[in-house]
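>
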Amino acid sequence: MSEQYESREERRKQLQSKGKNKKQKKPRGLFKKIFLSLVVLGIIGILAGVGTVAYMVKDAPKLDPKLLKDPIPSKILDKNGNEISEVGAVNREYVNYKDIPKVVEDAVLATEDYRFYQHHGIDPIRLAGALWANLRHGYGAEGGSTITQQVVKNAFLTQQKTLKRKVQEAWLATQLEQQYTKHQIFEMYVNKVYVSENSYGLATAAKMYYGKTLKDLTLAEAAQLAGMPQSPNSYNPFNHPDLAEKRRNIVLSLMYQHGYITKQQMDAAKKVSVADTVLKGDQRKVDDKPYEAFVDAVIDEVNSTTDFDPYTDGLTIYTTLDKDAQIHVNDILNTKDSSVIPYPDDQFQAGIVLLDTKTSEIRAIGGGRNQQVQRPFNYAIDTRRQPGSTIKPVLDYGPAIEYLNWGTYEMIDDKPITYSSGKKFGNWDHNYKGPMSIRTALQLSRNSPAVQALQQVGLDKAKNFAVGLGIPLKEIYESYAIGGFQTGVSPLQMAGAYAAFGNNGFYTKPHAVDKIKLRDGTMINTAPEAKVAMKDSTAFMITDMLKSVLKYPGTGTRAQVPGLPIAGKTGTTNYTDQEMEQWNISSTSVPDAWFTGYTTNYTASIWTGYPSRKTPITAVGSNQRIAQLLFKNLMAYVSNDIDTPDFTMPNSVQKVRVEKGTMPAVLAGTYTPSSQILTEYAVKGYAPKKVSVKYNKLSAPTNLAAKYDETSGNVVVSWNYNNTTNNNVKFDITVNNASPSHYTQSENSLTFKANPGVKYSISLFAYSGTNDSNVVYTSIEIPQAGGQTNQGTGTDTGTGTDTGTGTGTGTGTGTGTDTGTDTGNGTGTDTGTGTGTDTGTGTGTGNGNNNGNGNGNGNTNSGQTGGTNPPVSTPVTPPATTQSTGTRENE
10 MSEQYESREE RRKQLQSKGK NKKQKKPRGL FKKIFLSLVV LGIIGILAGV
60 GTVAYMVKDA PKLDPKLLKD PIPSKILDKN GNEISEVGAV NREYVNYKDI
110 PKVVEDAVLA TEDYRFYQHH GIDPIRLAGA LWANLRHGYG AEGGSTITQQ
160 VVKNAFLTQQ KTLKRKVQEA WLATQLEQQY TKHQIFEMYV NKVYVSENSY
210 GLATAAKMYY GKTLKDLTLA EAAQLAGMPQ SPNSYNPFNH PDLAEKRRNI
260 VLSLMYQHGY ITKQQMDAAK KVSVADTVLK GDQRKVDDKP YEAFVDAVID
310 EVNSTTDFDP YTDGLTIYTT LDKDAQIHVN DILNTKDSSV IPYPDDQFQA
360 GIVLLDTKTS EIRAIGGGRN QQVQRPFNYA IDTRRQPGST IKPVLDYGPA
410 IEYLNWGTYE MIDDKPITYS SGKKFGNWDH NYKGPMSIRT ALQLSRNSPA
460 VQALQQVGLD KAKNFAVGLG IPLKEIYESY AIGGFQTGVS PLQMAGAYAA
510 FGNNGFYTKP HAVDKIKLRD GTMINTAPEA KVAMKDSTAF MITDMLKSVL
560 KYPGTGTRAQ VPGLPIAGKT GTTNYTDQEM EQWNISSTSV PDAWFTGYTT
610 NYTASIWTGY PSRKTPITAV GSNQRIAQLL FKNLMAYVSN DIDTPDFTMP
660 NSVQKVRVEK GTMPAVLAGT YTPSSQILTE YAVKGYAPKK VSVKYNKLSA
710 PTNLAAKYDE TSGNVVVSWN YNNTTNNNVK FDITVNNASP SHYTQSENSL
760 TFKANPGVKY SISLFAYSGT NDSNVVYTSI EIPQAGGQTN QGTGTDTGTG
810 TDTGTGTGTG TGTGTGTDTG TDTGNGTGTD TGTGTGTDTG TGTGTGNGNN
860 NGNGNGNGNT NSGQTGGTNP PVSTPVTPPA TTQSTGTREN E
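Everything in the sequence shown is counted per my numbering, starting at 10 for the first residue and increasing by one.
1. Could you give the distance in angstroms between the alpha-carbon of R293 and the alpha-carbon of Q464?
2. Helix, strand or coil: how does DSSP classify R293 here?
3. Could you name the residues of the same chain whose beta carbon sits closer than 8 Å to that of N905, not counting the 5 residues immediately before and after it, in chain order?
4. Which one or two residues does DSSP pair with G505 in a beta bridge?
5. S454 and G435: beta carbons closer than 9 Å?
6. Say the cut is 8 Å; is the CB of H192 nearer than that to a heavy atom of the ligand ATP?
7. Hey, V362 and S499: beta-carbon distance below 9 Å or not?
8. Thinking C-alpha only, which one of T314, V785 and V702 is nearest F740?
9. Is it buried or exposed, P625, if we count other Cβ atoms within 10 angstroms and call 16 or more buried?
10. With a CB to CB cut of under 7 Å and the five nearest residues on each side skipped, what residues in its chain are close to A284?
11. Mapping DSSP to helix, strand and coil, what is L687?
12. Please look up how many angstroms separate the CB atoms of Q452 and V558, rounded, as I've assumed it's under 8 Å.
13. So D132 and L223 are supposed to be a Cβ contact under 8 Å. How far apart are they, rounded?
14. Check each candidate in E92, N610 and N660 and name the one with the smallest Cα separation from D365.
15. Check whether the Cβ atoms of K221 and A215 lie closer than 9 Å to each other.
16. Tell me the DSSP secondary structure of N6 in three-state form.
17. Going by other Cβ atoms of all chains shown within 10 Å of its Cβ, with 16 needed for buried, is G210 buried or exposed?
18. For a test of the three-state rule: what should DSSP assign to G511, helix, strand or coil?
19. Look up S728 in the DSSP assignment and say whether it is helix, strand or coil.
20. Taking the Cβ atom as the reference point for each residue, do D545 and G514 lie within a distance shorter than 9 Å?
21. Once you ignore the five residues that flank K483 on each side, which residues in its own chain have a CB closer than 8 Å to its CB?
22. Going along the chain, which residues of its own chain have a beta-carbon closer than 7 Å to the beta-carbon of K470, five neighbours each way excluded?
23. Can you tell me whether W592 is helix, strand or coil according to DSSP?
24. Do N723 and K762 have their CB atoms nearer than 9 Å?
25. Three or more beta-carbon pairs under 8 Å between the stretch 342-362 and the stretch 384-392, yes or no?
26. Would you kindly work out how many angstroms separate the C-alpha atoms of K669 and M658, rounded to a whole number?
27. I'd like the ranges of any alpha helix (DSSP H) spanning at least 4 consecutive residues and lying wholly in the stretch 325-373.
28. Just the C-alpha distance for D529 and N379, rounded to the nearest angstrom, thanks.
29. Where does S240 fall in DSSP's three states?
30. Starting from E419, trace the alpha helix (DSSP H) in both directions and tell me its first and last residue.
31. Locate the alpha helix (DSSP H) running through P458, then write down its first and last residues.
32. If distances are taken between C-alpha atoms only, which option among W603, L707, N731 and T760 comes closest to S721?
33. Apart from the five residues on each side of it in sequence, which residues of its chain come closer than 7 Å, Cβ to Cβ, to A475?
34. For the stretch 176-250, list the alpha helix (DSSP H) runs that are entirely contained and at least 4 residues long, ordered along the chain.
35. Identify, in the order they occur along the chain, each residue of the same chain with its Cβ nearer than 8 Å to the Cβ of T271, setting aside the five sequence neighbours on each side.
36. Quick one: residues in its chain with C-beta nearer than 6 Å to the C-beta of D422, no 5 flanking neighbours on either side, listed in chain order?
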């Protein structure tokens, strides 16, 4: 039994063992399937890759020996299609391989391709090494392309960073290695690399930057030039010596890393200053190209907006240049005639940009004064200076109208204020003018109102508004309201922003290039599209406010061109107290002076100052107004003999008459004096609703009468008044020939002592506060003692008691028996008896010109000398030039 059991047990274990063995075979089968699948996929991938590569390289250009030697220059045309310049390989010092010194070759190899003599055009190790070098030394420490690939790229391909271009580059590099020796390829590289300044080749760079041949370069100089091809304009030692020095030090580190130099050599070379070793300004090549500043902008624009190289790609570039305007800009920048522009000295600089207001096409660029080097610093497009008050329409008042619907009449108190941080802020002159409209605040360039406007709008909204106008703000503070930027702006940027105000709120990025034609005839339009940056109401109202700046007492009156509708703004910046103390600068001096303005046709922005803030613009003469003078001269020139229409008010704006000084603004009332009315503009639907009652007329007194009491010798003047306003009404009475002659009182009557033979003219009006009524009049003549009382309704009453000469101004009707009809000064036959042959003739012809016709009671009865008539009160009547009573508007 035990044997049988063991047998059964053994058989059971054997069966279990067989089952396990079967299960263990499955993973090996699965692995095999995965492996085979990967092999198949790999084969497919290889085939696909080969097919893709074959597809990409089939369109690769063929190796053209001519292109390996000379790049194809590009033509630049003006706005009328006329050629103004040709850029390309126009400045080249060719060098053979045998004349290339070892220090230059070592610097190039260490930087660009230290395995150049070991690979066959493509270097996988180089690719991996470049990645590692970039991680260790920062981006750009070492490129992934070999020298051979760079030669191919520069000669045959574009600068586009695409997979297709890289594949074609690798393919052509292997072909180039098969057809040329390493020394020939290295020679091509050294002579083909772009070294800025419209120049190619390291030999050219050596002469241009250091005034030397290649064989005379020091280690530091060779390393600096070897590092330039990665970004020639950025590492230009003339314009950016600091960046050039940093790049040179990376090259020196690579030379040491790859064993080309010792550590001592590296350290010694790093101590050499690039700025001190390159040629000084007066040693550099003279630039005699009249359009250099504009061409400079064209090259920068093509490089920044396309993948084309204007120096090598054989482009035809259609630009926006106005040749006449450009030549004029050059002339006024470099004039020696102080009657044209009174520059203080030859070091004084200016940057000018002229745009087409509607399209923002650049018509002319003034890059600077007295610039004698090729592609010098361009103060029109490269400078970054604080804009001063020229920023106020962009950052303060424009956003206030756009977002808060302010009118041009909006009132702000010019007073000391505080920033949100609690720091106190005040005007630079410590002078404050109290409440004023934003139009006046901008016209007089007051700082406190500008900051208050920005505070009410909010920093974020103001920043977005400015960015929409091409002002590249990365941050914003309340001090930016008056132009105190950390990073400044260029005249090109300011011109673009202001042009949007003149173009109904549409912003177009300023541009010098309209389109580009490639070698194969393909035409590429490059002009940017316009975009809505603000409402047309904002654009018009800011424009109308800016027009006030050029009118007295505005700050920009020197920029005004007679007969030309111009809107513009001045701007100056200030020194800090520390800077004035440190550099010994007067408080009246400024580092920057601007003027930016526009018509419906042209926009110009002008910066003036010195290359260094340490050199101030003094307050002597017109130094701080030269920007205005340049603007006036340029705008008058380009606007000559062309129609320049005024700016048109859009339907979104309404004209309003507001009462001066009201805060908040109210509409002028019917009786508001014309001297107190301002014509302003409001966003339609947001005009003031309240009408001023400040100058409303009170009702006039009625039944004005004057009576003479012969017994007391007094005249009693009385009137009625209906007080409908329940105000505290008083009366203003003037009695000519009385003493005193002027009275103010609340009562409805007045008594004064009269003198015989005197005529009294009485005027009366009611008033309450600033309101008054129309004036009413009457008069009374007191009889001579013992004589007859003569009564008339004219201004004066003639008498027959003496010579009968009337002096009245009206044609009152006399009460005598006859009316005077003679034109002369009739006299009685007796001068003392009152017996005249005529009846009190006037002094004139009776036409109302101060010559009353017989306005008296001349008595024709001879010998009647003692009779008198009772005094007559004169009723109030409507005004008439020929009557003695009436009303008129109080002025």
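All residues carry an ideal CB built from backbone N, CA and C; glycine is no exception.
Taking the definition as stated:
1. Here the C-alpha atom of R293 lies approximately 50 Å from the C-alpha atom of Q464.
2. coil
3. Because the chain spans 10 through 900 in this model, residue 905 falls outside it and cannot be assessed.
4. According to DSSP, which records beta bridges pairwise, G505 is partnered with nothing at all.
5. no
6. As for the ligand ATP, it is missing from this structure, which has no ligand bound.
7. yes
8. V785
9. By the Cβ neighbour-count rule, P625 is buried, with 16 or more other Cβ atoms within 10 Å of its own.
10. P250
11. strand
12. 5 Å
13. Not really, about 26 Å apart at Cβ, beyond 8 Å.
14. N610
15. Contact flag set, yes.
16. The requested residue 6 is not part of the displayed model; the chain covers only 10 to 900.
17. buried
18. Note: G511 maps to helix in three-state DSSP.
19. Sequence inspection shows Trp at residue 728; the Ser mentioned does not correspond to that position. W728 falls in the strand class under three-state DSSP.
20. yes
21. T496
22. P408 and Y412
23. helix
24. The Cβ atoms of N723 and K762 sit closer than 9 Å to each other.
25. yes
26. Straight through space, the alpha carbons of M658 and K669 are spaced by roughly 22 Å.
27. 332-343
28. When rounded, the distance between both Cα atoms is 40 Å.
29. coil
30. Here E419 belongs to no alpha helix (DSSP H), and DSSP marks it neither H nor E.
31. N456 to V466
32. Closest by alpha carbon: T760.
33. V403, L404 and L482
34. DSSP assignment within the stretch 176-250 yields the following whole alpha helix (DSSP H) runs of 4 residues or more, N-terminal first: 191-201, 211-219 and 228-235.
35. Cβ within range, chain order: Y265.
36. P444
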